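First the structure, in the form of structure tokens, and then the observations on it.
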Amino acid sequence: MVSSAPSTTLTVYCLDRSARPKTITFDSTEYRFKLALLKDNYEEMPYIIRTSTLLGQSIIAYLRKKGFPEALKQGNHKIVEKAYQQTKNFDKLSFLYLAVGSKDKLQKMQKIADARGDSMSRFHNALFAGDIEGRISVFRDVGLYPLAYLTARTNGLDDIAAEILEAAGLTEAAIDDVPSYGTSRPPVITSTSDLVWPSVLTWESFFDEALANGVLEGGVEPEYVNGDAAAAGAHSALDAWAKEEEHDDIDPEEGGWDLDADAGDELHAPEAETAVEEEEELGAGATPGPNETDLWVCNSPLAADHVAAGSFETAMQLLTRQFGVVNFAPLKPLFVSIYRSAHVYPTTFASLPPLALHLRRNP
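Going by the numbering used here, the first residue of the sequence shown is number 231, and it counts up by one from there.
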């Protein structure tokens, strides 16, 4: 049994294993915020952000874990870098430096990993930066002399290979059966750009409109019925298989990026001052191109092509005009089967999402 008051404190009345009544009081702010986020309830989230003190680094980590890295989606890798520094996510910070081609910062991340005593992070940063001697040093420090010797010998570092053999108490004659491989150096990191990447034009989100109209300054706490928010901002009640879902963007500036968490001075590298006008000109004129499935709908009068493109509504309109079909319930399995047969999703790596490919009639 749950009893709720007008505040965010909830009281749970329950029985323990000995059948004795107990009372548990807890704060519902965190789960209310996560529930509003999952249900796209952008009317309740500003109220929670404004009235609660629970939001902090844990909420930032939750947003990133659940798939809301808006700054990364928009190509603003500078804000992503600051977010990773504040949350001290060293692994993703190193991969970000690899993506933008910042070799100096990768070398600095090696020193940070050495100071933290993280051998795996040292090896990853040395591998990303193409630092062969750094990889050999990691192998020697953790006692993996065979891997250190093979790495040195493969890359032509005979002097270091001899030192490793001497430290291990072996000679060349004792390991003459070790195969010799050709030199295979990692590719040199190429710097992409110090500016933010250009992004396509986006519509104003709920937070942009709310800030412009001053909605965030006031507002009334949303009413609850049986533990659920009122359906003021819910989507229209359509059939699930024919409904098009819309997701608003979450403004990263409203997610607590300005926390005063200290990530250490070693994470901040000196960056050149870039004019605001140059960054604005970089994204000027970038417009999204047409989607391939939209071209199917525009160029074909066949209902099957519209179904394959996922435009069920236009397909049903064509069937109504061409054949007088009015009952589409028996066609639902055929629609779903045609749509699934026209798209494939091959997997590449376990850490990457599958690729979405559309099958064409005439490739």
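Beta carbons: idealized from backbone N, C-alpha and C, even for Gly.
On a predicted model such as this, the values are computed, not experimentally measured, just so you know.
- Here the alpha carbons of Tyr569 and Phe553 stand approximately 21 Å from one another.
- In the DSSP annotation of this structure, Asp348 is not part of any beta strand (DSSP E), being labelled neither H nor E.
- Excluding five sequence positions before and after Thr239, the CB atoms of its chain that fall closer than 8 Å to its own CB belong to Thr255, Phe256, Asp257 and Ser258, given in chain order.
- With a cutoff of 9 Å on beta-carbon distance, Tyr327 and Phe358 are scored as near each other.
- Counting along the chain, Asp257 sits inside the beta strand (DSSP E) bounded by residues Pro251 to Asp257.
- Within its own chain, the residues whose Cβ lies closer than 7 Å to the Cβ of Leu585, once the five positions on either side in sequence are excluded, are Tyr575, Pro576 and Thr578, listed in chain order.
- Bounds of the beta strand (DSSP E) holding Thr241 are Thr239 to Leu245.
- Exclusion of the five residues before and after His588 leaves Glu522, Thr523, Ala572 and His573 as the residues of its chain whose Cβ lies within less than 7 Å of its Cβ.
- DSSP links Val310 through a beta bridge to no other residue.
- One alpha carbon belongs to Asp270, the other to Glu363, and they sit about 50 Å apart.
- Following the DSSP letters along the chain, one finds Leu564 inside the alpha helix (DSSP H) bounded by residues Lys562 to Ser571.
- Secondary structure of Val555 (DSSP, three-state): coil.
- Here Leu587 carries a strand assignment [DSSP, helix/strand/coil].
- For Val574, the three-state secondary structure derived from DSSP is strand.
- In the three-state scheme derived from DSSP, where H, G and I count as helix and E and B as strand, Thr401 is classed as coil.
- Straight across, the Cα-Cα distance linking Met350 with Val537 is about 49 Å.
- The beta carbon of Ile390 sits closer than 7 Å to those of Ile366 and Ala382, all from its chain and outside the five residues before and after it, given in chain order.
- Here Glu273 carries a coil assignment [DSSP, helix/strand/coil].
- Residues Trp526 of the same chain have their beta carbon placed closer than 6 Å to that of Asp535, with the five preceding and five following residues left out of the count.
- DSSP, reduced to helix, strand and coil, places Asn529 within a helical segment of the structure shown.
- For Leu582, the secondary structure class from DSSP, reduced to helix, strand or coil, is coil.
- By the Cβ neighbour-count rule, Lys562 is exposed, with fewer than 16 other Cβ atoms within 10 Å of its own.
- With contacts defined by Cβ atoms closer than 9 Å, Asp348 and Phe320 form a contacting pair.
- Around Phe263, the same chain offers Ile278 as residues with beta carbons nearer than 6 Å, after the five sequence neighbours per side are excluded.
- Short of 6 Å from the beta carbon of Ala266, and not among the five residues preceding or following it, lie these beta carbons of its own chain, in chain order: Glu274 and Met275.
- Between Gly386 and Ala392, the alpha-carbon positions lie close to 11 Å from each other.
- About 5 Å separates the beta carbons of Ser324 and Asn355, which is inside the 8 Å limit, making them a contact pair.
- Taking the C-beta atoms as reference points, Leu549 is found nearer than 9 Å to Val555.
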